[in-house]
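One structure is given below, encoded as structure tokens.
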Amino acid sequence: MPLTLLLSVVGLFVLQCCSAQSQGHQNITKRSDRRFYDGAIYIHPPYDSSFHPKFRNEGRFSQGQNSFFPQTQSRQNGFSYCNGGGKCQFFLYCWLSGGSLGPSCGPLFSCCITGNEPQNKAAAPAQRSYGPVKNDPYCGRSATKTSRIVGGNDAYFGQFPWQAVIQVGGSRCGGALVGRRFVVTAGHCVARSQHKPHNIRVTLGDYVLHSNVESLPAEVFGVSEVRLHPNFRFTPQADRYDVAVVVLDRPVPYRENIRPICIPRKGADFLGRTAYAAGWGALEPGSKLRPKVLQFVSVPVINNKICENWHRKQGINIRIHDEMMCAGYEYGGKDACQGDSGGPLMMEENNVWFLIGIVSAGYSCAKQYQPGIYHKVSSSADWVSSAMH
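The sequence shown lines up with residues -20 to -1, 1 to 369 when you count with mature numbering (1 follows the signal peptide of the UniProt record, and there is no 0).
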């Protein structure tokens, strides 16, 4: 091939590569950084998603540039592998070999996704045991029978008595009560306030927002401490180990509309089961109004590899790690964007409710091939339990 033609081809693909990376960067969002249903509800981000001062010395983000370079890689069989998945290769070689261009890993190099790479085990944070999972003796009891749940409707008063509203400055997240003084939420919701817990307010027992018509009132609590999972990390995709426990400033009085939910056993698998997400999110695409009454939606738990493949059908290369899970429908229609980031994904078993997921991330809302991404609580159940004691 003549040199001028080769340079022309390289130049063309440089432009294509940069364009794809720019678009990919714009698509990477957390549920608290965006409008649910593409323009419905704005949640002010609790942190700058492009750079966070806590990680200033970790070399994770490149300031002043449009792309994220996964600086930390592992080597296997003579190849460099990106933390988010894929080989770090010259972009043109990746394209010619039929791969998909992922995030940049150096000048003119991209994380090449082919689906044939070995899993990058070296990138996984070290795990430790935190002891047995201990639940509150009053956990998991709802005032409403399961037979009344059909999905995508108004909840009943006291149906999800563990539902929490977490206000962090001008931002709002969801959460779930798990003990007398403990609420579980997404790590990205409260990470910036870890050393300023007085900025957080937690409301429990709410049903109709900004109303006093309920038979039992809601209660507002301050926060004395934020306990982040030790492996929590902000990433350009779904955050790693996106879970935190906030410690309330006083014990919670249990009653019909305020009760804790149970934590599942460590390693429990809910694949194929029907789960429920609840919150005060948008009811339909394009809506600018939030419902005042607590809403819930049913979604099936799906395999992580299927979740990755569905996203790739939309041109989204994402790695769903072992501490994550996906729930949603192949062709959309229902999603946890009807709730809030940090809110609970729940499942009922033998009339006892368990917190199986925490709303973490999503590239869209109720769109085909883009299910919701959650932190998998059973992967960190022992840590959550230890953080309550």
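Each residue gets a CB set at the ideal place from its N, CA and C atoms; glycine is no exception.
Beta-carbon proximity of residue i to residue j, cut-off 9 Å
i	j	result
residue 326	residue 258	yes
residue 232	residue 157	yes
residue 364	residue 113	yes
residue 145	residue 320	yes
residue 225	residue 163	yes
residue 217	residue 298	yes
residue 189	residue 237	no
residue 324	residue 174	no
Residues of its chain near residue i, where Cβ-Cβ distance is below 8 Å and the 5 sequence neighbours each way are ignored
i	result
residue 280	252, 253, 254, 255, 307, 308 and 309
residue 201	181, 182, 183, 184, 228, 229, 230 and 232
residue 369	114
residue 26	Here the model assigns residue 26 a pLDDT of 35, short of 50, so the residue's position is not dependable and the matter cannot be decided.
Secondary structure of residue i, DSSP reduced to three states
i	result
residue 245	coil
residue 256	strand
residue 140	coil
residue 369	coil
residue 353	strand
residue 324	strand
residue 338	strand
residue 71	helix
residue 119	coil
residue 232	coil
residue 134	strand
residue 330	coil
residue 109	coil
residue 48	Bear in mind that the predicted position of residue 48 carries a pLDDT of just 31, short of 50, making it unreliable; the figure below should be weighed with that in mind. Coil at residue 48, not helix or strand.
residue 278	strand
residue 237	coil
residue 286	helix
residue 226	strand
residue 191	coil
residue 220	strand
residue 86	strand
residue 371	An answer regarding residue 371 cannot be provided, because it is not within the stretch -20 to 369 covered by the chain.
residue 167	helix
residue 299	coil
residue 161	coil
Spatially closest choice to residue i from the options, by CA coordinates
i	options	result
residue 221	360, 69, 366 and 152	360
residue 181	236, 150, 340 and 197	150
residue 89	333, 68 and 189	68
residue 322	204, 70, 107 and 154	154
residue 260	238, 187 and 193	187
residue 210	143, 109 and 330	109
residue 140	235, 115, 282 and 170	235
residue 356	303, 122 and 162	303
residue 285	111, 72, 277 and 300	300
residue 354	362, 275, 328 and 250	250
residue 242	86, 276, 117 and 287	117
residue 328	275, 87 and 121	121
residue 276	138, 152 and 208	138
residue 347	71, 311 and 362	311
Neighbourhood of residue i by C-beta, 7 Å cutoff - its chain only, sequence neighbours within 5 removed
i	result
residue 191	272
residue 107	none
residue 179	148, 149 and 173
residue 287	300, 306 and 351
residue 246	113, 358, 361 and 362
Own chain, CB closer than 6 Å to residue i, minus 5 neighbours either side, in chain order
i	result
residue 28	Reliability of the predicted coordinates at residue 28 is poor, the pLDDT of 31 falling under 50, and no value is obtained from them.
residue 134	273
residue 293	349
residue 219	168
residue 136	124
residue 290	349
residue 199	184 and 185
residue 248	358
residue 212	167 and 221
Contact belief for residue i with residue j at Cβ below 8 Å, rounded distance in angstroms
i	j	result
residue 358	residue 244	5 Å
residue 223	residue 177	Contact flag wrong, Cβ pair sits at about 17 Å.
residue 166	residue 340	6 Å
residue 366	residue 111	6 Å
Chain C within 9 Å of residue i, Cβ atoms only
i	result
residue 186	In the displayed structure, chain C is absent; only one protein chain is listed.
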